[in-house]
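Notes follow the structure.
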Amino acid sequence: MPTNRPVIKGAATALAHTPGMVRYGSKPFREAKARPEFLAELTRGLWGYDEACRYLPNQVFIGSQPPARLWEVEQPWFDKLAEADGVEPPFGHIMEERRFLALLACADPFKHVLLRERFWEEMGPVLEAAPLTAPLASRTPALLTDARMDAELESSDSLPLFTGGEGAPVGVVKTGHSEDEALSASVLLENLSCKVSGALAVHELLNHVDGLGLSDVDLVLSCSEEAVGDRYQRGGGNMAKAIAEFAGCDLGTGIDIKDFCAAPIPAMVIGASLVESGVFENVVVVGGGSLPKLGMKSLYHLEQGIPVLEDALSAVAVWIGRDDGHSPTVNLQAVGRHPVKAGAALDKQFRELVLEPLRRLEWGVDRLDRVVTELHNPDITVSAKAGDVAARNYKMMAAMLAVAKEIDRSDIAGFARAKGVCGYAPTQGHIASGFVYVPHALREMAAGGIRNCLLVARASLFLGQMTELTDGMSVLIERNGE
Amino acid sequence: MDLEDQGRIKELAEEYGKDGIVVLLGAPTTEASQVQFETVTTGDPSYAGPLAGVELGLPAYHVFEPTVKAAIDPDQYAENIEVLEMGLEADAIVDALAGMRAG
Numbered sequence: 001m002p003t004n005r006p007v008i009k010g011a012a013t014a015l016a017h018t019p020g021m022v023r024y025g026s027k028p029f030r031e032a033k034a035r036p037e038f039l040a041e042l043t044r045g046l047w048g049y050d051e052a053c054r055y056l057p058n059q060v061f062i063g064s065q066p067p068a069r070l071w072e073v074e075q076p077w078f079d080k081l082a083e084a085d086g087v088e089p090p091f092g093h094i095m096e097e098r099r100f101l102a103l104l105a106c107a108d109p110f111k112h113v114l115l116r117e118r119f120w121e122e123m124g125p126v127l128e129a130a131p132l133t134a135p136l137a138s139r140t141p142a143l144l145t146d147a148r149m150d151a152e153l154e155s156s157d158s159l160p161l162f163t164g165g166e167g168a169p170v171g172v173v174k175t176g177h178s179e180d181e182a183l184s185a186s187v188l189l190e191n192l193s194c195k196v197s198g199a200l201a202v203h204e205l206l207n208h209v210d211g212l213g214l215s216d217v218d219l220v221l222s223c224s225e226e227a228v229g230d231r232y233q234r235g236g237g238n239m240a241k242a243i244a245e246f247a248g249c250d251l252g253t254g255i256d257i258k259d260f261c262a263a264p265i266p267a268m269v270i271g272a273s274l275v276e277s278g279v280f281e282n283v284v285v286v287g288g289g290s291l292p293k294l295g296m297k298s299l300y301h302l303e304q305g306i307p308v309l310e311d312a313l314s315a316v317a318v319w320i321g322r323d324d325g326h327s328p329t330v331n332l333q334a335v336g337r338h339p340v341k342a343g344a345a346l347d348k349q350f351r352e353l354v355l356e357p358l359r360r361l362e363w364g365v366d367r368l369d370r371v372v373t374e375l376h377n378p379d380i381t382v383s384a385k386a387g388d389v390a391a392r393n394y395k396m397m398a399a400m401l402a403v404a405k406e407i408d409r410s411d412i413a414g415f416a417r418a419k420g421v422c423g424y425a426p427t428q429g430h431i432a433s434g435f436v437y438v439p440h441a442l443r444e445m446a447a448g449g450i451r452n453c454l455l456v457a458r459a460s461l462f463l464g465q466m467t468e469l470t471d472g473m474s475v476l477i478e479r480n481g482e
Numbered sequence: 483m484d485l486e487d488q489g490r491i492k493e494l495a496e497e498y499g500k501d502g503i504v505v506l507l508g509a510p511t512t513e514a515s516q517v518q519f520e521t522v523t524t525g526d527p528s529y530a531g532p533l534a535g536v537e538l539g540l541p542a543y544h545v546f547e548p549t550v551k552a553a554i555d556p557d558q559y560a561e562n563i564e565v566l567e568m569g570l571e572a573d574a575i576v577d578a579l580a581g582m583r584a585g
C-alpha cells in the first residue's frame, strides 16, 4: 500500500565550465581591483573546456567515474587528465561557457544582461538544438549591436562577459539600480549564475529520471549560497521560485532554505517532512552554483604554476517523493541536529551529527555503510595550504568514535577508506557537503554496494558575525526495505 | 596569527613583562602552530602585524605538548582535548615545536 514515507527518487548534477567568469569570483575581483595586471596572470592559468572535461574530479562529479576511482589515482590529479570517453554522463553534463553566458541573458527578465547580436545569432540556434537547453531558451534576450555594446562597456558600473577570459566581450551586465548595492551588476551576475545553474540541474534531473515532469513538481527548495534582494531587504529571496519559473515548473512554488554550507541537509529534511506530512507530493531540492567561490584559491594556484582549478559553477538537484517501494528512503528518525550547547568544536559537532543519531537508532558503527561530509576537491585545497578537508574530517570523526568506544583506535587510520569518500567537489561549500554525493549514493544502493549512507553537513555561521557558533545537520538515507 | 591577537599579546607582554606570561597555542595544524610560535618568540614572519620585527621571546607551548598535558586535569583533558589530539596531527605539532625550541 503506498504511503507518504519520503524517498529519494532521483538526483542529478550540472557543471558549467566558466573560466571567463573566474575574474568575478570574490578573491580574483578584489585582487584585480588592487592589481590590474592580475587579470593577465589569471587568464594564463585558466583551463579550456576540453581540459575541464578530462579532469578526474569533474568526471566523478557528473558520474562518469565512481568516487572510488579517486583512491586509485595518486594526487594531484590536475596533471593526469583522462581521455574523454564520449559516453553520456549518468548524472549531468559539463556545459561549455558560451552556452552558459547565453542562458544568463535568457534567464534575466529585467534585461540587465545584454548580449552582442552576433553572439546570440550564433548561440541561439545552439541552445534551441539541445534538449537540455531548448526549454530554457524560449525568451529572446536583450541584444546590442557592436557599436552600442562598445558604448555600454564604457560604463564603470557594468561588467563585461568574456569567454575563456580573453577576446572581445560577448555581453555585458548592467547595474540594476544606481543607488542599490544589492542590485549591483556583480550581485545580479552572482544571482543569475545561481539561477541558471540551478535550473540546469533541475532539467538534468528531469532528463535522467522517470515519472517526474515539469508539471509534477510541487515545490522547489533552494539551498544555494546567494542572497537575492534589494536595499531594503538583502537576502529577501526567493531563488527557489526564480529557478522554478525559469525551469518551467509552472505548477510548483519555491522557498529558500538558508544555513551556509549546511543548507542542503536541512532542505532535504524539510522537503522529506513535507512529503511525509502530505503537504507536497514532489519536492525538488536544488543548490545552484556560487560565483563568488570561483578562483577563491587562485593566488595559491598561480603562485605554484598549477591551473586555476576553481573554474566551474556546480549545481545539484534531488527529487524527494512518496514511497514507491524501491527508491531509497529518507529516515526522519535519524536526523542529527546541532544544539546551541554543542558549541563550535569539530569533535563536538561530529558527536551530535554522527554518534547521536546512530545511538538513537541503537545502531553500532558497523551497521553504517557510508558516511559523507564535505567532499572538497583536495587538488584545490592542499595546494592552497588548507589541507585535505575530507581526510581531516574523517580522521576527526574516527577519533571521536574511538573515544566513544564505537570503533577501535587502530581503526582510525583506515576509517576514511572503510566508510568514507575521497573529496572531488568544487569548493562551493553547499555542493561539497554531503549533497554532492546523493546521486552516487543512489547508484551504489541500486547496485547493492551499500545499504545506507549518512549525509553530514556543517556550517560556519560565525562568518556572518551574528554568532560565534557553527551549525550542522545530518540525515540517513537507506535502501528501500532495509 | 591575526593582527588583533598579536596586538593583544604585545600589550600583555608590555603590561606584565615577559617573565610573567606563557602563550598556550591551540592551532590545528603544524604549519599554523609553527607560525604562531615564531610570532610570539622571534616576531611576525609575515611582517604584517604589531609583532613584525618584535622579538618578544615568550615561552610558548601547544596544548598537545606533554608539559601542558601534565598540568591539566585528566578528566577535563579527556572531555575537551583528547579527541582533538587523536584527530589532528598532534605528534607532528609537538615534534615541530620541540625542533623550533632546539633552534
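Chains F and E are the protein sequences, given in the same order.
The opening position of the first sequence corresponds to residue 1 in my numbering, with each subsequent residue numbered one higher.
The opening position of the second sequence corresponds to residue 483 in my numbering, with each subsequent residue numbered one higher.
Virtual Cβ for every residue (Gly too), placed ideally from N, Cα, C.
Per-residue contacts from F/I412 into chain E (C-beta, under 7 angstroms): Your numbering for residue 412 of chain F matches position 412 in the first sequence. Within chain E, the residues near F/I412 are M568.
Short Cβ contact (9 angstroms threshold) for F/L461 with F/G343: Looking up residue 461 of chain F in the first sequence gives position 461. Looking up residue 343 of chain F in the first sequence gives position 343. No, the pair does not count as a contact, with Cβ atoms beyond the cut-off.
For F/M95, three-class secondary structure by DSSP: Here residue 95 of chain F refers to the residue found at position 95 of the first sequence. Here F/M95 sits in strand by DSSP.
F/C453 - partner residues in DSSP beta bridges: To locate residue 453 of chain F, count along the first sequence from 1; it is residue 453. BP columns for F/C453 point to F/I477.
Reference F/D388; option with closest CA among E/V550, E/L570 and E/V545: Indexing the first sequence from 1 puts residue 388 of chain F at position 388. When only C-alpha atoms are compared, the closest one is E/L570.
Alpha-carbon spacing of F/G288 relative to E/K551, whole angstroms: In the first sequence, the residue the question calls residue 288 of chain F occupies position 288. In the second sequence, the residue the question calls residue 551 of chain E occupies position 69. Each residue's Cα considered, the two are about 46 angstroms apart.
Continuous beta strand (DSSP E) assignments of at least 3 residues falling wholly in the region 184-272 of chain F: 219-222 and 253-256, all fully within the region 184-272 of chain F.
Min CB distance E/T521 to chain F below 9 angstroms: The count along the second sequence starts at 1 and reaches residue 521 of chain E at position 39. By this cut-off, E/T521 is not an interface position.
Any alpha helix (DSSP H) of 4 or more consecutive residues that is wholly inside the region 511-580 of chain E: 512-523, 548-553, 556-562 and 564-569
Sequence-distant residues of its chain with Cβ nearer than 8 angstroms to F/D218 (five each side left out): The residue you call residue 218 of chain F lines up with position 218 of the first sequence. Closer than 8 angstroms at Cβ, skipping near neighbours: L251, G252, T253, F280, E281, N282 and V283.
Contact check, F/V285 vs F/A317, beta carbons under 9 angstroms: Numbered from 1 along the first sequence, position 285 holds the residue referred to as residue 285 of chain F. Numbered from 1 along the first sequence, position 317 holds the residue referred to as residue 317 of chain F. Cβ atoms of F/V285 and F/A317: closer than 9 angstroms.
Contacting positions in the region 41-57 of chain F - beta carbon closer than 7 angstroms to chain E: none
Beta carbon proximity, E/A560 to chain F, threshold 9 angstroms: As a working note, residue 560 of chain E is residue 78 in the second sequence. For E/A560, the answer is yes, since a Cβ of chain F falls inside 9 angstroms of its Cβ.
9 angstroms Cβ cutoff, E/E537 in contact with chain F: Locating residue 537 of chain E in the second sequence gives position 55, where the first residue counts as 1. Using beta-carbon distances, E/E537 does not count as an interface residue toward chain F, since no partner is under 9 angstroms.
DSSP-derived helix/strand/coil call for F/V308: For the purposes of this step, residue 308 of chain F is taken as residue 308 along the first sequence, with counting starting at 1. Correct three-state label for F/V308: coil.
Neighbour flag for E/T549 against chain F, beta carbons, 9 angstroms: Your numbering for residue 549 of chain E matches position 67 in the second sequence. For E/T549, the answer is no, since every Cβ of chain F falls outside 9 angstroms of its Cβ.
Inter-residue Cα distance where the pair is F/V209 and F/K348: The count along the first sequence starts at 1 and reaches residue 209 of chain F at position 209. The count along the first sequence starts at 1 and reaches residue 348 of chain F at position 348. So the alpha carbons of these two residues sit roughly 38 angstroms apart.
Sub-9 angstroms separation of E/V536 and E/M483 beta-carbons: Here residue 536 of chain E corresponds to residue number 54 of the second sequence, with the count starting at 1. Here residue 483 of chain E corresponds to residue number 1 of the second sequence, with the count starting at 1. Cβ distance not < 9 angstroms, so E/V536 and E/M483 don't count as in contact.
F/G420 (DSSP reduced to helix, strand or coil): Position 420 of the first sequence holds residue 420 of chain F. Look at F/G420 here: in three-state DSSP terms it is coil, with no helix or strand label.
For F/L221 and F/I265, believed in contact at Cβ under 8 angstroms, the rounded distance: Here residue 265 of chain F refers to the residue found at position 265 when the first sequence is read from its first residue. Here residue 221 of chain F refers to the residue found at position 221 when the first sequence is read from its first residue. With a Cβ gap of about 12 angstroms, F/I265 and F/L221 do not count as contacting.
Three-state class that DSSP yields for F/I320 in the structure shown: Position 320 of the first sequence, counting from 1, holds the residue named residue 320 of chain F. Strand, per DSSP.
For F/Q333, the three-state DSSP class (helix, strand or coil): As a first step, residue 333 of chain F is located in the first sequence; it is residue number 333 there, counting from the start. F/Q333: strand per DSSP, three-state reduction.
Beta-carbon proximity check, F/L136 vs F/G171, cutoff 9 angstroms: In the first sequence, residue 136 of chain F corresponds to position 136, counting from 1. In the first sequence, residue 171 of chain F corresponds to position 171, counting from 1. Not a contact, by the Cβ cut-off of 9 angstroms.
Under 9 angstroms between C-beta atoms of F/V196 and F/F100: Sequence index remark: in the first sequence, residue 196 of chain F carries index 196 (1-based). Sequence index remark: in the first sequence, residue 100 of chain F carries index 100 (1-based). Yes, they are a contact pair.
Residue ranges of each alpha helix (DSSP H) within the region 41-94 of chain F, 4 or longer: 49-53, 56-61 and 69-72
Extent of the continuous alpha helix (DSSP H) to which F/A391 belongs: Here residue 391 of chain F refers to the residue found at position 391 of the first sequence. Element bounds for F/A391: V389 to V403.
Nearest candidate by alpha-carbon position, reference F/P169, set F/I270, F/L144, F/S184 and F/V187: For this step, residue 169 of chain F is matched to residue 169 along the first sequence. With distances taken between Cα atoms, F/P169 lies closest to F/L144.
CB of F/V456 within 9 angstroms of CB of F/I407, strictly: The residue given as residue 456 of chain F occupies position 456 in the first sequence. The residue given as residue 407 of chain F occupies position 407 in the first sequence. Their beta carbons are not under 9 angstroms apart, which means F/V456 does not touch F/I407 by this criterion.
Contact with chain F by E/V565, beta-carbon distance below 9 angstroms: In the second sequence, residue 565 of chain E corresponds to position 83, counting from 1. The C-beta of E/V565 comes closer than 9 angstroms to at least one C-beta of chain F.
Residues from the region 423-436 of chain F in contact with chain E, defined by Cβ distance under 7 angstroms: none
Inter-residue CB distance, F/Y24 and F/L200 (contact presumed, cutoff 8 angstroms): Taking the first sequence and counting its residues from 1, the one referred to as residue 24 of chain F is at position 24. Taking the first sequence and counting its residues from 1, the one referred to as residue 200 of chain F is at position 200. At roughly 19 angstroms, the Cβ-Cβ gap does not stay under 8 angstroms, so F/Y24 and F/L200 are not in contact.
Below-9 angstroms beta-carbon distance, E/T511 vs any chain F residue: To locate residue 511 of chain E, count along the second sequence from 1; it is residue 29. So yes, E/T511 belongs to the interface.
Under 9 angstroms between C-beta atoms of F/G198 and F/L206: The count along the first sequence starts at 1 and reaches residue 198 of chain F at position 198. The count along the first sequence starts at 1 and reaches residue 206 of chain F at position 206. No, these two residues do not count as a Cβ contact at 9 angstroms.
Where F/F110 falls, given that 16 or more other Cβ within 10 Å makes a residue buried: Taking the first sequence and counting its residues from 1, the one referred to as residue 110 of chain F is at position 110. Its Cβ having fewer than 16 others within 10 Å, F/F110 is exposed.
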